[in-house]
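Numbering (this note's numbering), first residue to last: 17 to 160.
Ideal Cβ placement from N, Cα and C applies to all residues, glycine included.
Let me begin by presenting the structure, written as structure tokens, before commenting on it.
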Amino acid sequence: GRPGVTERVFVLPPRSQIGPITAAQRQALIAGSIVAGVYEKAVDRASAHEAIKARVEATMADETAAKEQAASMARTAKDQAGAAADDDGGLLGSLGGLLGGGKSGRRMSAGEQLFKSAASAIGSEVGRQIIRGVLGGIFGSKRR
17 GRPGVTERVF VLPPRSQIGP ITAAQRQALI AGSIVAGVYE KAVDRASAHE AIKARVEATM
77 ADETAAKEQA ASMARTAKDQ AGAAADDDGG LLGSLGGLLG GGKSGRRMSA GEQLFKSAAS
137 AIGSEVGRQI IRGVLGGIFG SKRR
């Protein structure tokens with residue numbers, strides 16, 4: 017730039033002192049502050065890290081509960097299927113098993129088909145949630 021006309025300014029002398037302030041001066045400064053009373057008490061708010069950690073733990077607990085439920089349903093179905101297989105045919109059924117007939121020609125009942133379908137759907141949903149959680153944690157979200 018090019019030089020311009022200087023303007024008159026008022027310069028105040030420094031208002032400092034050498035040495036520490038007294039307790040009375042300190043209290044007067046605190047009382048006269050515009051933030052007096054705002055920062056008087058300590059507040060320990062939850063951080064974003066803590067909130068995310070709690071959310072991840074809740075999600076993991078839900079997934080674990082879903083896995084356990086699916087596993088217990090599968091065990092129950094397997095036990096019921098085993099009990100039903102033991103009850104098949106009595107003496108003739110056991111002879112058929114010895115001679116090679118076994119369960120190969122047996123069709124699943126409607127209840128077994130329904131349970132198998134439900135177990136498959138639950139298993140695929142749990143697997144999908146786990147994969148989304150792991151990959152989402154690794155790659156993150158594109159929305160910001």
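Under the three-state DSSP convention, the category residue i falls into
| i | result |
| --- | --- |
| Glu56 | coil |
| Glu17 | It should be pointed out that residue 17 corresponds to Gly in this sequence rather than to Glu. Coil. |
| Arg91 | helix |
| Ile37 | coil |
| Leu155 | Looking at the sequence itself, residue 155 is Phe, so the reference to Leu does not match. DSSP places Phe155 in helix when its eight states are reduced to three. |
| Ser32 | coil |
Nearest neighbour of residue i, chosen from the options [CA to CA]
| i | options | result |
| --- | --- | --- |
| Ser63 | Arg71, Lys57 and Glu56 | Arg71 |
| Ala93 | Met124, Glu73 and His65 | Met124 |
| Lys83 | Ile46, Gly139 and Gln41 | Gly139 |
* Using 8 Å as the threshold, is the region 66-80 in touch with the region 123-136, meaning 3 or more CB pairs across them? -> no
* Between the region 133-147 and the region 84-100, are three or more C-beta pairs nearer than 8 Å? -> They touch, by the three-pair rule.
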